[in-house]
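Residue numbers (this note's numbering), protein chains in the order written: chain A, 524 to 1274; chain B, 221 to 513.
Even glycine gets a Cβ: it sits at the ideal position worked out from N, Cα and C.
Every value quoted in this text rests on a predicted model; they were computed, and no experiment measured them.
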Ligand SMILES: Cc1cc2nc3c(=O)[nH]c(=O)nc-3n(C[C@H](O)[C@H](O)[C@H](O)COP(=O)(O)OP(=O)(O)OC[C@H]3O[C@@H](n4cnc5c(N)ncnc54)[C@H](O)[C@@H]3O)c2cc1C
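So, in structure tokens, the structure goes:
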């Protein structure tokens, strides 16, 4: 028997029914961001800076305004006429500055002005008639360059209190943490390796471009339909930017064609609302892929130094890292997260990590699955791999020897509760992949990865219908099959079939506040809230049965979808099924619902271990990933197929990031590859079958043991692939992506 | 924008000759429409050539040569058994273009006249000695395909001229062709380097050869030195080494987002060597499926 009261026997949880949105999506019935229309709707388009850094001297919109199809134009100069609210501070100000430039264009693609016209074509043509006079300024797009003395300053005074004196103004946040004495630790080591690693920015690459339909009247009442990972943050941000009351703007989330963290903020939504208010008509904006690449958040790029000391037996004596992350022209690059994740898998006596958040003339970075952690793992796990190689040690044994476990003081501070890293390493070691022979020219790499996971503000409401079916309203957009998982958890509590539960992503007017679908929080937090809301409803159902039977409420319990007497002393009554209670609920006390609103805190960190085999064509430098295995702790897999999907998706995106994806800026600071032809995400034939192993070490912070799985899966791939390629090429790869020209030149020059 | 669908090439040529501003012919449209939608080129005049009689025909002439209409798609070429058997390299080059959807539209003439240095079918056409009939206000002329592209996005076609047919020579005995390209992925990509080899054998010895490279210079490169390296050899290591050296020497590429000068120069030789092996095997009657990149 389990020592705690956590449930471990399940009827519905752990099964794999079809997703409720599946038919809609394969038949085209599902409505995505661009699928909304309104009577009298206008089409918006945004003029973007062609310069990396330029003062905006003058914007002349008169020629565009003269077109009869043009109904409204907005720029930041319309400030006084309140298309945007004055006096914003902090992140709201940053977002405003990002969605519509102030006096300076800060990156290639920065929004300068926007037009609403009667057709998309007319709007696009009108943009060509807006004359902007720029004065070009010196620019910088590389993180190391941006930190150097004399580098162009993106914005004076952007740094916060954390930044030590004497740093370049482009360094806007500083993080330092750790424990022990790293110098003493390095002195104890038999081998110390220090190395430098670089990763380029990559885009989340969601297939659906940002799209929205906005209506805002002069009375401050608005409706917004958009594709987003979280509509409450959209509501709050747009209300602030437009100077209206939050509750007067109702935001509805569309179906979403991918987000991966990139749709946790706003880009076009405030602009569409401002245009709508000015034109007094609904305005729709749909981004082109070019705009998505140039103006929405890619991940940060990184420059990193990692130093690790090891004894001959594999014990790590000390670890130290410096992580410089560039996040575009605004504060926000995850220098802190990168530093905090870097050594988290290991139980270290001496550890120190430093992170820098650096601004450059690039688009404002946005979250991308486990922001910072994949890069950190690339640096750390490459050095560990090299130490293992030079000391002749097995890479899994070394990781097992040093692995964090329950009670370990984490590199970033707290003590770990029950975690599953050792279990993933043991499962990787036992997997046939790890002992399979390699062909000549192939190399194998492994890596561990870590992510915090998140709880966050959550509201869920569940209501029962007369016929005994169930409506579940959650506020976290479904980005990975979460509606299926929610229905399974509700089914488990209520004891009604999965098919009888309809899960809806409620709009902002229908539920209390919900944080964004990020931080791998949905199955954990909305799942917990769903279980609690269902339990709330069960309590009311039991109360109705108690009233009917004339016994105390606590003498009734819920079993297999029925109210039953809790024991022999409660009396003899036939089980009362849910549908019988709901059939008469109008007469027995009114509608029956369940609610839950809270900020769950026990998300439970998670770990993964990946095994990769890669093959390198020594004549061309081209890499092929031939075998891939993901082993990850899911705590408890509610819907195992969708857990596997998250594992495989993380590996697939990691393969792209490791091998070919990168933001390429030219000398004038323009993005050279804002299209999928030259921004190379993997196509299906680039990927091997990605094998998965779901490890289940229950999270003490969730009733069913769930840990989030959406992000940890992208933490190990960069390192695991780099270790495999380094083994195959017999040269250490220190820079991503490992594109064929880079690998070929490394083959010739030893890195 | 003016849109025309003439019934004859003479009419098409006359329309193009009279048109003002930017004119484009609409074959498969897989370049034209993409450029239009992305605001790169907005033509003033668009002339659809798919309503002209015979443009979808693949004709085997009595002398064994082939005449292809200018709207024949990649899919149609690759579903044509005899054409594929005769010129597997050329057909494969065309087959590399785009996806299934693109294959149903894309044409050889469009690939050629779009003027991309990386166009996949062009080195294969050059290696195969393909010629083009050009119809214009002054009448008809026939030229070698390599004389048509003159630089990125540019051709030697005069105002009012268009390609009205393509001619592929008779395959003949003991011969084979092959095309390989290097791309960082496995498909849906643009050639960083392309190499086509067409050769004929007498016994084991190569008697005729043509080698053409793509994406390593502003236009397709026919490399006679590479052909000389092969002729008279049995594709031994010495000959392959000379082939590689000749191909690398013929490159004058650029550094860009798709590849460096050093990379292209080196990989051109590698692709040519691998293509030569496939062409050689085919000439010997061994069936080999080209493996791409
Ligand atoms: C998704 C995608 C993938 C692609 N992949 C590849 C690839 O892998 N390799 C590759 O090489 N290309 C690729 N392309 C580019 C394109 O498909 C090819 O260049 C194709 O062969 C163009 O043929 P088309 O018939 O569609 O030309 P169109 O777009 O109709 O025309 C292209 C140009 O040729 C001119 N033209 C057409 N016919 C004639 C004629 N008879 N006489 C004179 N001028 C003419 C037109 O005026 C225009 O300038 C790709 C395109 C897309 C959209």
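Can you pull the chain B residues whose beta carbon is under 8 Å from the beta carbon of residue i, in chain order?
{"i": "residue 1205/A", "result": "405"}
{"i": "residue 1279/A", "result": "Here chain A has residues from 524 to 1274 only, and residue 1279/A is not among them."}
Interface residues of chain B around residue i at Cβ under 7 Å?
{"i": "residue 731/A", "result": "Within 7 Å Cβ-Cβ: nothing; residue 731/A doesn't reach chain B, min ~18 Å."}
{"i": "residue 1318/A", "result": "Residue coverage of chain A in this structure runs from 524 to 1274, which leaves residue 1318/A outside it and unanswerable."}
{"i": "residue 1208/A", "result": "406, 407"}
Residue i versus chain A: which residues are under 7 Å apart at the beta carbon?
{"i": "residue 479/B", "result": "1264"}
{"i": "residue 487/B", "result": "1143"}
Since residue i and residue j are thought to touch, with beta carbons under 8 Å apart, how far apart are those beta carbons, to the nearest angstrom?
{"i": "residue 313/B", "j": "residue 416/B", "result": "7 Å"}
{"i": "residue 863/A", "j": "residue 876/A", "result": "7 Å"}
{"i": "residue 781/A", "j": "residue 731/A", "result": "6 Å"}
{"i": "residue 1117/A", "j": "residue 1225/A", "result": "Rounded, the Cβ-Cβ distance is 18 Å, inconsistent with contact."}
{"i": "residue 1194/A", "j": "residue 817/A", "result": "5 Å"}
{"i": "residue 272/B", "j": "residue 329/B", "result": "Residue 272/B to residue 329/B, Cβ: 12 Å. No contact."}
{"i": "residue 841/A", "j": "residue 927/A", "result": "About 16 Å; that fails the 8 Å criterion."}
{"i": "residue 722/A", "j": "residue 833/A", "result": "Residue 722/A to residue 833/A, Cβ: 24 Å. No contact."}
{"i": "residue 1015/A", "j": "residue 535/A", "result": "5 Å"}
Find the residues of chain A that neighbour residue i, judging by a C-beta separation of less than 9 Å, and give them in chain order.
{"i": "residue 490/B", "result": "1140, 1142, 1143"}
{"i": "residue 238/B", "result": "Those do not exist, as residue 238/B stays about 26 Å from chain A at its closest Cβ, beyond 9 Å."}
{"i": "residue 402/B", "result": "1143, 1145, 1263"}
{"i": "residue 410/B", "result": "1200, 1201"}
What does residue i reach in chain B if we use C-beta pairs closer than 9 Å?
{"i": "residue 713/A", "result": "Those within 9 Å of residue 713/A in chain B number zero; the least Cβ separation is about 39 Å."}
{"i": "residue 1195/A", "result": "476, 477"}
{"i": "residue 1183/A", "result": "404, 405"}
Which residues does DSSP pair with residue i in a beta bridge?
{"i": "residue 362/B", "result": "353/B"}
{"i": "residue 418/B", "result": "397/B, 430/B"}
{"i": "residue 1028/A", "result": "997/A"}
{"i": "residue 327/B", "result": "293/B"}
{"i": "residue 735/A", "result": "749/A, 808/A"}
{"i": "residue 800/A", "result": "According to DSSP, which records beta bridges pairwise, residue 800/A is partnered with nothing at all."}
{"i": "residue 476/B", "result": "479/B"}
{"i": "residue 596/A", "result": "638/A"}
{"i": "residue 1082/A", "result": "1085/A"}
{"i": "residue 965/A", "result": "1138/A"}
{"i": "residue 936/A", "result": "Answer by DSSP bridge pairing: none, since residue 936/A is not bridged."}
Which residues in chain A sit within 8 Å of residue i, going by Cβ to Cβ distance?
{"i": "residue 483/B", "result": "1144, 1263, 1264, 1267, 1268"}
{"i": "residue 322/B", "result": "Near residue 322/B there are no residues of chain A at all, since even the closest Cβ is about 12 Å away, more than 8 Å."}
Give a yes or no on whether the minimum CB-CB distance between residue i and chain C is below 9 Å.
{"i": "residue 642/A", "result": "Of the protein chains in this structure, namely A and B, none is chain C."}
Original post:
Mind pulling the beta strand (DSSP E) runs of 3 or more residues that sit fully within the segment 822 to 861 of chain A?
Top reply: Restricting attention to beta strand (DSSP E) runs no shorter than 3 residues, the segment 822 to 861 of chain A encloses them at 824 to 833, 839 to 849, ordered along the chain.
**OP:** Specify whether the segment 404 to 422 of chain B and the segment 482 to 497 of chain B touch according to this definition: at least 3 beta carbon pairs, one from each stretch, less than 8 Å apart.
**Re:** Flag = yes, the segment 404 to 422 of chain B and the segment 482 to 497 of chain B touch.
Subject >> Given 8 Å, three or more beta-carbon pairs between the segment 847 to 857 of chain A and the segment 747 to 757 of chain A >> reply: Cβ pair count under 8 Å is below three, so no.
Original post:
Is it true that the segment 949 to 964 of chain A meets the segment 1225 to 1243 of chain A, where meeting means three or more beta-carbon pairs spaced less than 8 Å apart?
Top reply: In this structure the segment 949 to 964 of chain A does not lie against the segment 1225 to 1243 of chain A, because fewer than three pairs of beta carbons, one per stretch, are closer than 8 Å.
Original post:
Per the contact definition of three or more C-beta pairs closer than 8 Å, is the segment 543 to 555 of chain A in contact with the segment 1162 to 1179 of chain A?
Top reply: With a cut-off of 8 Å, the segment 543 to 555 of chain A and the segment 1162 to 1179 of chain A do not count as touching, because too few Cβ pairs lie within range.
Original post:
Does the segment 683 to 697 of chain A come within contact of the segment 880 to 890 of chain A, defined as at least 3 CB pairs closer than 8 Å?
Top reply: Flag = yes, the segment 683 to 697 of chain A and the segment 880 to 890 of chain A touch.
**OP:** Check whether the segment 228 to 246 of chain B touches the segment 1255 to 1273 of chain A, taking contact to mean three or more Cβ pairs, one atom from each stretch, closer than 8 Å.
**Re:** No, because fewer than three Cβ pairs between the segment 228 to 246 of chain B and the segment 1255 to 1273 of chain A fall closer than 8 Å, the two stretches do not touch.
Subject >> At least 3 beta-carbon pairs within less than 8 Å: the segment 1010 to 1026 of chain A vs the segment 977 to 993 of chain A >> reply: Yes, since at least three Cβ pairs between the segment 1010 to 1026 of chain A and the segment 977 to 993 of chain A fall closer than 8 Å, the two stretches touch.
Original post:
Which ranges would you report for the alpha helix (DSSP H) in the segment 1178 to 1259 of chain A if only whole runs of at least 4 residues count?
Top reply: If one requires a minimum length of 4 residues, the alpha helix (DSSP H) runs lying completely within the segment 1178 to 1259 of chain A are 1240 to 1252, in chain order.
Original post:
Are at least three pairs of beta-carbons, each pair with one atom in the segment 555 to 569 of chain A and one in the segment 796 to 815 of chain A, less than 8 Å apart?
Top reply: They touch, by the three-pair rule.
Subject >> Inside the segment 856 to 896 of chain A only - beta strand (DSSP E) runs reaching at least 3 residues >> reply: Secondary structure remark: continuous beta strand (DSSP E) runs of at least 3 residues inside the segment 856 to 896 of chain A, in chain order: 874 to 881.
Subject >> Any 3 or more C-beta pairs closer than 8 Å across the segment 840 to 849 of chain A and the segment 740 to 748 of chain A >> reply: The segment 840 to 849 of chain A makes no contact with the segment 740 to 748 of chain A, as fewer than three CB pairs between them are under 8 Å.
Subject >> Runs of alpha helix (DSSP H) wholly within the segment 685 to 717 of chain A (minimum 4 residues, chain order) >> reply: Listed in chain order, the complete alpha helix (DSSP H) runs (minimum 4 residues) inside the segment 685 to 717 of chain A are 705 to 711.
Original post:
Taking one C-beta from the segment 391 to 402 of chain B and one from the segment 350 to 358 of chain B each time, how about it: are there three or more such pairs within less than 8 Å?
Top reply: As far as the Cβ criterion goes, the segment 391 to 402 of chain B does not touch the segment 350 to 358 of chain B, which means the pair count is below three.
Original post:
Do the segment 1002 to 1011 of chain A and the segment 1084 to 1092 of chain A touch if we need at least three Cβ pairs shorter than 8 Å?
Top reply: Here the segment 1002 to 1011 of chain A does not lie against the segment 1084 to 1092 of chain A, with fewer than 3 beta-carbon pairs under 8 Å apart.
**OP:** Kindly confirm or deny that the segment 1212 to 1230 of chain A and the segment 245 to 255 of chain B touch, where touching means at least three C-beta pairs closer than 8 Å.
**Re:** By the Cβ rule, the segment 1212 to 1230 of chain A does not count as touching the segment 245 to 255 of chain B, because fewer than three pairs are nearer than 8 Å.
**OP:** Determine contact between the segment 401 to 408 of chain B and the segment 420 to 430 of chain B, defined as no fewer than three beta-carbon pairs at a distance below 8 Å.
**Re:** With the cut-off at 8 Å, the segment 401 to 408 of chain B and the segment 420 to 430 of chain B do not touch.
Subject >> Meets three-Cβ-pair contact criterion under 8 Å: the segment 1145 to 1156 of chain A and the segment 1204 to 1221 of chain A >> reply: By the Cβ criterion, the segment 1145 to 1156 of chain A is in contact with the segment 1204 to 1221 of chain A, since at least three pairs of Cβ atoms, one from each stretch, lie closer than 8 Å.
Original post:
Below 8 Å, can you find three or more Cβ-Cβ pairs linking the segment 637 to 655 of chain A to the segment 582 to 594 of chain A?
Top reply: With the cut-off at 8 Å, the segment 637 to 655 of chain A and the segment 582 to 594 of chain A touch.
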